[in-house]
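What follows is a short report on a single structure.
Number of protein chains: 2
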Amino acid sequence: MISVEEALKIVLANQHETTVSEVPLLSSVGRILAENIYADRDFPPFNRVAMDGLAFCFDEVDLQKIAIENIQFAGEAQKTLQDISKGIEVMTGAILPLGCDTVLRYEDFNIQQDGKVKFACISIPNEEIKKGQNVHLQGSDRKAEEVLLQKGIKISPAEIAVMATVGKSIVKVQNTPKIALISTGDELVDIEETPLAYQIRTSNAYMLAAALQQIGVAATTFHLIDEEKVLYQKLKEIIESYDILLLSGGVSAGKKDFVPAILTDLGLEKLFHKVAQKPGKPMWFGKTKAGKIIFALPGNPVSTFLCFCKYVLPTLNSEIKHEEVILDKEIIFKPDLTYFVPVKTYFEAGKMMAKPFLGSGSADFANLTDCDGFVELPAEKQVFKAGEIFGFVRFR
Amino acid sequence: MISVEEALKIVLANQHETTVSEVPLLSSVGRILAENIYADRDFPPFNRVAMDGLAFCFDEVDLQKIAIENIQFAGEAQKTLQDISKGIEVMTGAILPLGCDTVLRYEDFNIQQDGKVKFACISIPNEEIKKGQNVHLQGSDRKAEEVLLQKGIKISPAEIAVMATVGKSIVKVQNTPKIALISTGDELVDIEETPLAYQIRTSNAYMLAAALQQIGVAATTFHLIDEEKVLYQKLKEIIESYDILLLSGGVSAGKKDFVPAILTDLGLEKLFHKVAQKPGKPMWFGKTKAGKIIFALPGNPVSTFLCFCKYVLPTLNSEIKHEEVILDKEIIFKPDLTYFVPVKTYFEAGKMMAKPFLGSGSADFANLTDCDGFVELPAEKQVFKAGEIFGFVRFR
């Protein structure tokens with residue numbers, strides 16, 4: 001039996017290698033970027049007017065009253081200041097007219113007409129006007145050819161905006177793996193059936209399919225009965241057609257827990273079986289010679305979900321977000337196992353507190369609907385006091 | 001000009017009323033539940049074996065050595081203990097045999113054969129065995145007919161598991177609104193074009209479309225030129241066909257900022273224009289008589305995104321998650337405005353710290369790729385010290 005830390009390390013060191021595709025920009029959100037994105041020109045690409053108002057040359061004008069000689073709209077070619085003692089009206093997003101270096105907001109002056117000439121009569125003290133104000137200087141955010149986005153990041157709306165700006169209408173992303181979700185357990189019937197007294201409806205495959213769908217990964221679901229020959233034959237077929245298999249059930253000490261032995265018979269390399277954790281102790285992880293990855297997760301729904309969030313998601317998301325919470329109530333847990341307890345987080349005086357929902361163990365998944373993650377209580381301790389800080393595995 | 005708190009209150013009080021649809025279970029993830037979900041039977045529906053091992057009647061057996069008379073698999077009809085001094089091997093997920101009340105794990109006994117009879121020879125002290133252990137009692141998690149999920153919640157994988165278990169193959173959800181994303185600004189060209197020196201490529205519509213896509217809401221994008229007649233005519237048409245309009249640009253003090261006047265001309269009720277915030281001060285919000293909602297957001301990308309995350313997302317998500325962060329560096333900001341600063345959060349001794357990225361203001365969206373949200377610095381203060389606690393608007 002290995003520790004949670006070792007298990008995660010092994011999982012991360014044995015990931016499915018994905019290929020790369022080119023997709024339209026908007027299809028890339030949520031995916032892993034497979035190329036560096038460079039600035040095609042400076043950010044901003046020109047000295048950009050940042051406020052609607054009046055542009056002028058700070059050192060050359062009378063800061064009380066400035067004659068207006070022209071107007072520069074956004075989207076127009078750059079105009080030139082003809083008389084350096086005058087100004088040009090400018091709109092946000094416009095290129096700053098040649099000869100100007102400073103912009104005063106409309107809020108800070110009134111326009112008066114004096115014969116044919118319009119004047120800006122400034123209503124704020126001189127010392128409140130700074131040379132260069134309200135001008136977003138060319139290249140001040142990023143320089144042309146700078147790397148804006150690094151290969152390997154997860155693409156969110158902010159990255160979409162950056163790629164739009166540099167004209168990336170087609171983006172290279174990692175392909176998502178083909179995933180098979182396989183539940184086992186003879187007590188399970190499909191959700192459309194009415195279970196007999198000793199049966200329950202299947203829920204793990206739906207839960208994992210939903211979680212994968214949320215990160216844009218499609219999965220095919222299978223249900224296999226607990227019969228050695230059937231399991232062997234079906235798993236052999238499924239492994240051929242998928243990149244990653246997520247099994248739930250059949251990995252523990254039961255007389256029909258055939259999964260680990262069959263995976264070995266199928267020639268898979270076992271990378272670990274059993275992790276010093278509760279729930280999810282019987283978890284099995286391995287791979288084929290061709291690099292296909294198999295997670296065989298315990299079948300109790302809370303165990304399945306914890307193992308999925310802790311081990312499977314980080315390999316698909318390409319990121320592990322480290323979060324910490326403060327336990328709001330003492331928990332005592334004696335076994336030498338890392339204990340993952342469903343919690344509901346809330347903020348109190350700037351601290352993210354976690355309220356534990358101990359419930360009735362790893363089959364009590366109704367509990368999860370009140371929670372937003374698991375607190376991770378380390379194996380080395382037995383008493384976890386209110387106010388102590390622990391790791392957090394978020395699932396919502 | 002109203003405060004951020006008032007603006008949010010008005011937005012939340014004037015939401016688009018959505019209709020209800022029935023969708024297949026897996027299509028409901030990320031959507032808003034439009035019916036209560038009840039337990040069809042007890043959770044668990046029978047006294048459920050929680051560990052592979054031996055079931056027996058605690059008060060009737062010799063806790064050293066127990067004869068085994070039968071085996072009960074998961075998915076089999078309930079068996080009955082014939083001899084109350086004996087036990088039945090049981091598998092996780094099975095119904096507990098009639099006459100038994102306690103389960104001992106395989107790890108805690110060895111099986112020995114004595115002639116034709118198999119015995120469990122128990123390897124742990126009597127006092128470590130508790131009556132009723134490893135049995136997940138019928139109805140201990142939830143009772144039949146109890147409300148499991150309340151109408152109005154957002155559906156995540158945990159809720160999918162619960163609905164699968166009660167056989168909800170078809171689920172009532174709120175329909176997502178039809179959204180039009182409309183950018184304005186004559187300086188903008190499409191992402192496939194090469195901009196001239198004074199032009200930039202459009203990015204807001206892509207950023208917002210990506211953000212909507214992540215929550216499962218489809219949007220149609222439009223770009224309109226800054227010309228009064230065109231704006232009036234096009235907006236009139238678009239309002240007819242969509243539930244919510246998100247405009248970006250054209251709402252400030254510029255000479256071509258026609259949007260607020262045109263929206264009024266179109267007969268919309270203005271609910272507010274200008275919010276005491278930076279960025280995003282010129283934001284306009286209103287509705288039509290038919291209850292269609294219009295957000296006219298400022299066009300600078302950081303302003304657009306902040307307004308979207310702070311005001312638009314909560315109306316689509318049906319939830320506002322209150323989060324707090326601790327500023328890690330002093331910020332001084334004098335104007336009487338709520339100041340939203342892009343930050344990168346990290347954990348330090350159980351506290352969620354926020355590192356500000358001041359950048360060069362509301363056009364510096366390259367900045368956002370380093371950040372995961374905005375810290376919300378209230379208008380009443382001017383000095384925001386390192387170590388102080390403020391609200392957090394997460395965008396990643």
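Line order of the protein sequences matches chains A and B. In this text, residue positions in the first sequence follow UniProt numbering: the first is 1, and each later residue adds one. In this text, residue positions in the second sequence follow UniProt numbering: the first is 1, and each later residue adds one. No residue lacks a Cβ here, since even glycine has one placed at the ideal position from N, Cα and C.
Nearest-angstrom Cβ-Cβ length linking residue i and residue j, presumed shorter than 8 Å
i: residue 285(A); j: residue 271(A); result: 5 Å
i: residue 331(A); j: residue 341(A); result: 6 Å
i: residue 132(B); j: residue 102(B); result: 6 Å
i: residue 69(B); j: residue 88(B); result: 6 Å
i: residue 98(B); j: residue 78(B); result: 6 Å
i: residue 244(A); j: residue 293(A); result: 5 Å
i: residue 365(A); j: residue 302(A); result: 5 Å
i: residue 213(B); j: residue 117(A); result: Not a contact, Cβ separation roughly 52 Å.
i: residue 242(A); j: residue 153(A); result: About 26 Å; that fails the 8 Å criterion.
i: residue 317(B); j: residue 215(B); result: 6 Å
Pair within 8 Å by beta-carbon distance, residue i and residue j
i: residue 223(A); j: residue 202(A); result: yes
i: residue 327(A); j: residue 390(A); result: yes
i: residue 3(A); j: residue 296(A); result: no
i: residue 173(A); j: residue 349(A); result: no
i: residue 191(B); j: residue 25(A); result: yes
i: residue 287(A); j: residue 268(A); result: yes
i: residue 397(A); j: residue 91(A); result: Because chain A in this structure spans residues 1 to 396, residue 397(A) falls outside the shown range and cannot be described.
i: residue 96(B); j: residue 48(B); result: yes
i: residue 235(A); j: residue 262(A); result: yes
i: residue 347(B); j: residue 382(B); result: no
i: residue 161(A); j: residue 283(B); result: no
i: residue 39(B); j: residue 146(B); result: yes
i: residue 373(B); j: residue 17(B); result: no
i: residue 19(B); j: residue 175(B); result: yes
i: residue 1(B); j: residue 274(B); result: yes
Residues near residue i by beta carbon distance below 8 Å, same chain, minus five either side
i: residue 183(B); result: 202, 204, 205, 221, 222, 223, 224, 247, 248, 249, 299
i: residue 352(A); result: 323, 324, 325, 326, 345, 346, 392
i: residue 62(A); result: 85
i: residue 253(A); result: 282
i: residue 8(B); result: 310, 311, 314
i: residue 329(B); result: 355, 356, 386
Environment of residue i [buried if 16+ CB atoms lie within 10 Å]
i: residue 281(A); result: buried
i: residue 335(A); result: exposed
i: residue 186(A); result: buried
i: residue 170(B); result: exposed
i: residue 31(B); result: buried
i: residue 125(A); result: exposed
i: residue 230(A); result: exposed
i: residue 144(A); result: exposed
i: residue 136(B); result: buried
i: residue 394(A); result: exposed
i: residue 324(B); result: buried
i: residue 358(B); result: exposed
i: residue 130(B); result: exposed
i: residue 304(A); result: buried
i: residue 141(A); result: buried
i: residue 93(A); result: buried
i: residue 80(B); result: exposed
i: residue 226(B); result: buried
i: residue 210(B); result: buried
i: residue 82(A); result: exposed
i: residue 398(B); result: Limits of chain B in this structure are 1 at one end and 396 at the other, which puts residue 398(B) out of reach.
Beta-carbon contacts of residue i that lie in its chain and below 7 Å, excluding the five residues immediately before and after
i: residue 264(A); result: 270
i: residue 312(B); result: 246, 295
i: residue 168(B); result: 25, 37
i: residue 339(A); result: 278, 333, 377
Other residues of its chain near residue i: CB distance less than 6 Å, five sequence neighbours each side excluded
i: residue 65(B); result: 119, 121
i: residue 337(B); result: 276, 277, 278, 379
Residue i CB to nearest heavy atom of the ligand FMN below 7 Å
i: residue 164(B); result: Here there are no bound small molecules, and the ligand FMN is not part of this structure.
For the region 348–374 of chain A, list the beta strand (DSSP E) runs that are entirely contained and at least 3 residues long, ordered along the chain.
-> 351–356
Residue ranges of each beta strand (DSSP E) within the region 193–237 of chain A, 3 or longer = 219–224
What residue ranges within the region 51–136 of chain B form continuous beta strand (DSSP E) runs of no fewer than 3 residues, ordered along the chain?
-> 53–56, 65–72, 87–90, 102–105, 109–114, 117–122
List in chain order: all unbroken alpha helix (DSSP H) runs of 4+ residues lying wholly within the region 300–351 of chain B.
-> 301–307, 313–317
Identify every run of the alpha helix (DSSP H) within the region 131–174 of chain B, keeping only runs that are complete inside it and at least 4 residues long; order them along the chain.
-> 157–165
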